[in-house]
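Below is one structure, written out as structure tokens; the observations come after it.
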Amino acid sequence: MNHNLNHWQLSLIVFSFIMGSSLLMAPNLTSFFSGQDAWISMILAVIIGFLINILWLFLLKRYQFQSIFALNELTAGKIMGTAVNITIVFYALHLAAYVIRNLSNFMIANVIPESNPWTYQIMIILLAVYTTYYGFNNIARVSEFLNPWMFLLFIGSLLLTINKFEFSNLKPVFDQKFVYIAQGAYSTTGFPFIEIILLGSVFVYVKQKEKLTKSYMAGLLWGGAVLIITVIAVVGVQGDYMVKRQSYPTYELMRNISVVSILERIEVLITVVWIFGILVKVVVCLFAAVSGLKHISGHTSMRVFLLPCAILIWSMANHIHENMMEFTDFVGQNWTMWWFTLYAVIVIFLIAGIMRGKDKQAGT
Amino acid sequence: MTHPFFKRKRHISQKETSRSEEKLPVSADIHIDLAKIKELLGNSIDVKVIEFLHAPVKFAVCYIEGMVNKQQIELSIFEPIKRWQQTDCKKKPEELIHQLETAAPLYTYRHFDEITAAVLKGHAAIFVDRVDAVYCLAIEMWQARGVEEPQSQTMVRGPREGFVETLQTNTTLIRRRINTPSLRFNLSEVGKITKTTVLIAYLDGIVDQDVLTEVKERLKNINTDKVFESGMIEELIDENGYSPFPVFQSSERPDVAAAALTEGKVVIMFEGTPFVLITPTTFISFFQAAEDYYHHFDLSTFIRLIRILSFIISISLPAAFIAFTTFHHELIPTSLLVSLGAQREGVPFPAFVEALVMETIFEVLREAGIRMPRPIGSAVSIVGAIVIGESAVAAGLVSPAVVIVVSLTAISSFVSPYYGFSGAARLLRFILMVLAATTGIFGMIFFLFGLIIHLCALTSMGKPYFTPLAPFQSGQQKDSILRFPLWWTQTKLYSKWSKKS
Amino acid sequence: MIIKKCFFTFLLSVGLLMSGCSGRVELNELLIVSAIGVDIKEDNTAVHFQVVNAGGSAGGQGGAPAGASGGAVYTYSVTGKTVYEAVEKASTILPRKLLFSHVTCIVVGEEYARQKGIDGLFDFLERNHGIRDSMLMLVAKESTAKNILTIYTPIFKNPAESLRNRVKQSAAATGVAEGVQEKEVINWIHGQYRDPVIQGVERVEFDNQADDTQNLQNIDANNKTFRITGLAYFKKDKMKGWYNTKQTRGWAIINSRAHEMFILSHKCNHSKGYVGSLIKGIKTDVTPKVHDGQLSYKINVKGKAILQEVTCKINVGSPKELKKIEFQIEEELTKELTSVIDKAQSKKLDVFGFGKLLYDNHPEMWRKYKKDWAEHFSDANVKTTVNITLETVGARVESIHEQ
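If you read the sequences in order, they're chains A, F and Y.
Using our numbering, you'd call the opening residue of the first sequence number 75 and step up by one each time.
Using our numbering, you'd call the opening residue of the second sequence number 194 and step up by one each time.
Using our numbering, you'd call the opening residue of the third sequence number 92 and step up by one each time.
What follows is the structure in structure tokens.
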């Protein structure tokens, strides 16, 4: 069970994590509030995400990138630390459940309505469990192999839509009130940029720690750039009125591709890219949860916790929200604040630890 | 580093059962020894003991008929000894053995287990009275197949020599191609009953020492009775038991083995089979044929890409066809959909059943084609082509599109240069078809992701199977999918590039 | 270990069995809908589905013949209160399941467009996961959609495909390249505050026997073919009238739809005969300006022309004559532009998207004018400038009529 990563694999994982869920959801979340200025809210969200993550990395660097579960116990004391760890485990499982629910919603709404959502959920949970069984090294290699292809596929399909791009769809620029733009940015910040703090459980396994900050930030910015380009393309080709009303605008964008008659109906490609991103995201969450449980319980191997976590995720995905609109509603309103709370709690503990001089104790 | 990877129980050797004749020493009395050797080897008709009990120094030669060079026994052993025996001076028994005039190596054994092992390998055992050792002369010679073109791996341009079943010839074939003194062959033995000789070949100084120690370790720990072919050993020393992908490359060509040796790999050769094992392997090496280096680099690159494409086709084409025509009608252009619909008008079975039946029939035909005797070869091809292809379509049992799909798949599966690898593709194809028929293209996508995860988790002798694609080593890329020109290593671009990795 | 494996296999098989192979439909259980027609019938909606008969249309070698003959397409008609109710009722008369992903066009009868308005169609077409929103919309001129959808056409076995190709071809004469798509209409009405226009289609010669395949044996093609007419203009979602061909061309130029070639033929000034030219590379620039409360738009058209036919007595070889021809072409184009602008302004229908242009460039002005946009639009001052360069004269220099 091998968990080693090098820095290139880390930045690729960050990139897939960010592109994962947001590829299909980001244009909807941003343009719902900010209309044709959706790309501005996206830029704003990337900037805010960048700042949040810089602070996070800076703090962790002071502690020599130890495992975040150990750090919590170090800075907050045994009892509070264990409580925070349990919360992190819960958050990880919760996020995985939401991501999976998102995927099955998409499949049912847009692609094959007659099928059963359980099929897709079980398939992806099985894949995630299979990957985590072999250690984090496995998903690092898989993403190293597949990421260039996914990226090419996605950019290729975006390029194919360029012939329909109309700049007038993005005008007038900066017309919306700043409140709306900020509201658009608010929902998107939580959606990938704060969730990525879960990768803190992986930092301890990265081989070259001095390059860690740069690769992490590079992956983040690169993912953010791709998201911004996606939003520009989606709104520019379709117009903000249509984008506001569609459930999954990027998918609808891909339906518009018609360059040569053979390249006409290839929206399945975007689905492949999205499923890959979701797989990476679920694996990272599952890994964080399982290592947290391993740390809390003091067990030697993390494989024991895989199957119970998988079943928990599956049942949470199905039972927390009854229907699709309740799900979207909850995510749109509460998600950023929900995750920001966790982030703030951990950051406060880390800062308190630094002030009390605990970072000198961290050592290696 | 001996790894924790290798924990399968079957590789942990159990205590060997001791045999009673193990450490039986040779006595000085030739009669007792001869009686003992006859008892050990039994009354087989091919065990010959030539006794010279009336000579001044009594001696006897024991050998197995058909495995020794009888002429050489007469010329090298009997002639000189007879000449010596006929001289008048006092003859000491210890001097008898010095009379031999032979280029073959001479071994001295004092225990019967070594003697029987040597005789069974084709040595001639010389018993001398009043000497408590037995001398064995390695003059084995038997009927072997001549060196001819290997039939399982043909190529357009390249040497037409292939390995044979005799180890000596095989080592010579390799030795002739690699003339450095660092080529080493290490002897080992597997199989409690068959006691097959195994040679481990490597180039000292270039070979990866971890892999070498691991190979030696595993071969030592094999606990099995019989080994007839390298495939059986392959299964026993594999560390990923249930994967359909082979982790050893087997080859019948000496140039392939020699090339592998120069890359730092270890070649395992067996007595009795022309197929040698090459380890460690990567996934990409199954798409490379030795011929790629003998042709120009752009042609080779193109052909490698075609091989990868045909691998993908042979796994996924029938499944993709089933998925598109049953679940995803919107992805097919309208006119194609209409003509596919017209073809399916009279067909009673669902597309999945059609494809499954046609695939099974093709597998049956393929197996029949391997086993059948030559004279009825044409009958089988007629049956296959006309009856199954044409008539089944005309009778309305299958639609023509399915026939095209199945034949294209079948042809693509022959492109891979290694049979074991295309076997993996055949199995996966059926699983993919089942998944496509139940869950459409998303089931296929999930399975393909699962396959990539599985491939990334496989290891071959401790090295990751999916190198150099993941983990990505840019220095190795010059040879993996695209074949860069051989002079590439001398360009400035390459030196900049390999410094980075 | 064994228990874990068993559990995994159980989970996997549960997942597969749970799907129950749902969602899978074999090809011979499907009816591919190629065109939808909507008509009004005593205040209800009559929906016509034109479906493809695979056995009769494809030329491939099929399986054993099993009813695999007959016409290439068939049209079924159902009536219901809305489109979706008609779909529901259709499942009682149709022999197979409907597949909507290959619909090429939707034809609306003129009565329906005038009385009921087209808004009621859109929700079903958008929400269904299989329907693509890039399908063409057409209005049946002075007839019902049923008349359009019940003829067999020569050359194309599938009449809907024939319609779609016709729309593409008619770009040469009407200038509207790629027709009017459904998503554009929705976007215009609700997203961009303008009034939509939709292309019209009519039958060239009405003949009762055209709905029989026997008619295809007759060599005269005019009674089995469609004509794409000018645009129908709507006020929001109800149809109000028709533009003629010149006005259609003008609309296409203003909306930058006519970037590829179209053909123009106009009278010579001084003698009898006509000059025909092919115009390509048309670029249009529309700029809104607000000056002292007066709204004005400047339309700037640039293009290149190629001479195709000269049947009057002019000297094609002289550059001065060519300049005169250029001037005539520009005049002709300006006439078309002004005629469509005048008609639109007199009817107070913003079919050009001038409102959106104003919003793009001067958003505060737009917010002032938004409430009574129809009035402001009809009062706006529109100036057009056309600039055409005659690029080549074709394969001949002197015409035979020059003597």
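Here a beta-carbon is modelled for each residue, glycine too, at the ideal position from N, C-alpha and C.
Pick from the options: whose alpha carbon is nearest that of residue i?
| i | options | result |
| --- | --- | --- |
| ARG446(F) | GLY424(F), THR660(F), GLU288(F) and ALA483(F) | ALA483(F) |
| ILE425(A) | GLY230(A), TYR207(A), LEU79(A) and LYS135(A) | LYS135(A) |
| THR136(Y) | THR378(Y), ALA177(Y) and ILE127(Y) | ALA177(Y) |
| THR476(Y) | TRP464(Y), ASN406(Y), LYS393(Y) and VAL407(Y) | LYS393(Y) |
| PHE423(A) | LEU79(A), GLY123(A), PHE107(A) and THR149(A) | THR149(A) |
| TYR254(A) | SER108(A), ASN80(A), ASP314(A) and LEU416(A) | SER108(A) |
| GLU333(F) | THR347(F), LYS314(F) and ALA326(F) | LYS314(F) |
| PRO661(F) | SER381(F), PHE504(F), LEU529(F) and ILE477(F) | ILE477(F) |
| ASN127(A) | GLY406(A), ILE352(A), LEU272(A) and ILE349(A) | LEU272(A) |
| SER289(A) | LEU131(A), PRO323(A) and GLY372(A) | LEU131(A) |
| ARG319(A) | SER90(A), TRP296(A) and ASN102(A) | ASN102(A) |
| GLU204(Y) | SER182(Y), GLU252(Y), GLU217(Y) and ALA236(Y) | The amino acid occupying residue 204(Y) in the given sequence is Ala; Glu does not appear at that position. Checked all of SER182(Y), GLU252(Y), GLU217(Y) and ALA236(Y); the closest Cα to ALA204(Y) is ALA236(Y). |
| VAL419(A) | LEU145(A), VAL158(A) and PHE361(A) | VAL158(A) |
| GLY270(Y) | SER347(Y), LEU118(Y) and GLU217(Y) | SER347(Y) |
| THR387(F) | VAL312(F), ALA650(F) and LYS419(F) | LYS419(F) |
| SER192(Y) | TYR167(Y), ALA163(Y), LEU212(Y) and MET226(Y) | MET226(Y) |
| PHE271(F) | PHE320(F), LEU498(F) and ASN236(F) | PHE320(F) |
According to the neighbour-count rule (16 or more other Cβ atoms, all chains shown, within 10 Å of its Cβ), is residue i buried or exposed?
| i | result |
| --- | --- |
| ILE597(F) | exposed |
| TRP223(A) | exposed |
| TRP342(Y) | buried |
| LEU502(F) | exposed |
| TYR612(F) | exposed |
| CYS725(F) | As shown, chain F starts at 194 and ends at 694. That puts residue 725(F) outside it, with no answer to give. |
| TYR260(A) | buried |
| LEU679(F) | exposed |
| ALA291(F) | What sits at residue 291(F) in the sequence shown is His, not Ala. With fewer than 16 Cβ atoms within 10 Å of its Cβ, HIS291(F) is classed as exposed. |
| GLU560(F) | exposed |
| GLY151(A) | exposed |
| PRO250(Y) | buried |
| ARG567(F) | exposed |
| ASP224(Y) | buried |
| ILE579(F) | exposed |
| ILE569(F) | exposed |
If you run the structure through DSSP and keep just helix, strand and coil, what is residue i?
| i | result |
| --- | --- |
| ILE393(F) | strand |
| GLY150(Y) | Residue placement at GLY150(Y) is poorly supported in this model, since its pLDDT is 47, which falls under 50; the coordinates still yield a value, given next. Here GLY150(Y) sits in coil by DSSP. |
| PRO657(F) | strand |
| GLU423(Y) | helix |
| TYR279(A) | helix |
| ARG377(F) | strand |
| MET260(F) | coil |
| GLY444(Y) | coil |
Subject >> Touch test, the region 446 to 460 of chain F against the region 633 to 641 of chain F, Cβ-Cβ under 8 Å, three pairs minimum >> reply: Look at the beta carbons and you see the region 446 to 460 of chain F not touching the region 633 to 641 of chain F: under three pairs across the two are nearer than 8 Å.
**OP:** Quick one: which residues of the region 240 to 267 of chain F get their C-beta closer than 8 Å to a C-beta of chain A? List them in chain order.
**Re:** Residues passing the 8 Å Cβ filter: none.
Original post:
Which residues, taken in chain order from the region 277 to 308 of chain Y, show a beta carbon closer than 8 Å to some beta carbon of chain A?
Top reply: The residues in question are ILE277, ASN278, HIS281, GLY282 and GLN283.
Original post:
Are the region 365 to 372 of chain F and the region 427 to 441 of chain F touching, with three or more C-beta to C-beta distances below 8 Å?
Top reply: Proximity of the region 365 to 372 of chain F to the region 427 to 441 of chain F falls short of the contact definition, fewer than three beta-carbon pairs being nearer than 8 Å.
**OP:** Taking a Cβ distance cut-off of 7 Å, strictly less, list which residues of the region 533 to 560 of chain F are near chain Y, in chain order.
**Re:** Within the region 533 to 560 of chain F, the residues whose Cβ lies closer than 7 Å to some Cβ of chain Y are LEU533, GLY534, ALA535, GLN536, ARG537, GLU538, GLY539, VAL540, PRO543 and ALA544, listed in chain order.
**OP:** Give, in chain order, every residue of the region 235 to 268 of chain A whose Cβ lies closer than 7 Å to some Cβ of chain Y.
**Re:** Hits within the stretch, in order: SER242, LYS245, PRO246 and ASP249.
Original post:
At a Cβ cut of 7 Å, what residues of the region 504 to 529 of chain F count as close to chain Y, listed as they run along the chain?
Top reply: Under the 7 Å Cβ criterion, the region 504 to 529 of chain F contributes THR518, THR519, PHE520, HIS522, GLU523 and THR527.
Subject >> Stretch-stretch touch, CB-based, cutoff 8 Å, three pairs: the region 235 to 247 of chain Y with the region 394 to 410 of chain Y >> reply: A contact between stretches requires three or more CB pairs, one per stretch, nearer than 8 Å, and the region 235 to 247 of chain Y fails this requirement with the region 394 to 410 of chain Y.
Subject >> Residues in the region 187 to 206 of chain Y having any Cβ partner in chain F nearer than 7 Å >> reply: Within the region 187 to 206 of chain Y, the qualifying residues are LEU190, SER192 and HIS193.
**OP:** Would you be able to state if there are at least three C-beta pairs under 8 Å between the region 615 to 624 of chain F and the region 178 to 195 of chain A?
**Re:** Touching, no.
Original post:
Quick check: the region 491 to 509 of chain F against the region 591 to 606 of chain F, are there 3 or more CB pairs under 8 Å?
Top reply: Yes, they touch.
Original post:
In chain order, what residues of the region 184 to 203 of chain A put their CB closer than 9 Å to some CB of chain F?
Top reply: Identification of residues in the region 184 to 203 of chain A having a C-beta nearer than 9 Å to some C-beta of chain F yields VAL185, ILE186, SER189, THR193, TYR194, MET197, ILE198, LEU200 and LEU201, given in sequence order.
Original post:
Do the region 241 to 257 of chain A and the region 168 to 182 of chain A touch if we need at least three Cβ pairs shorter than 8 Å?
Top reply: Too few Cβ pairs lie closer than 8 Å, so no.
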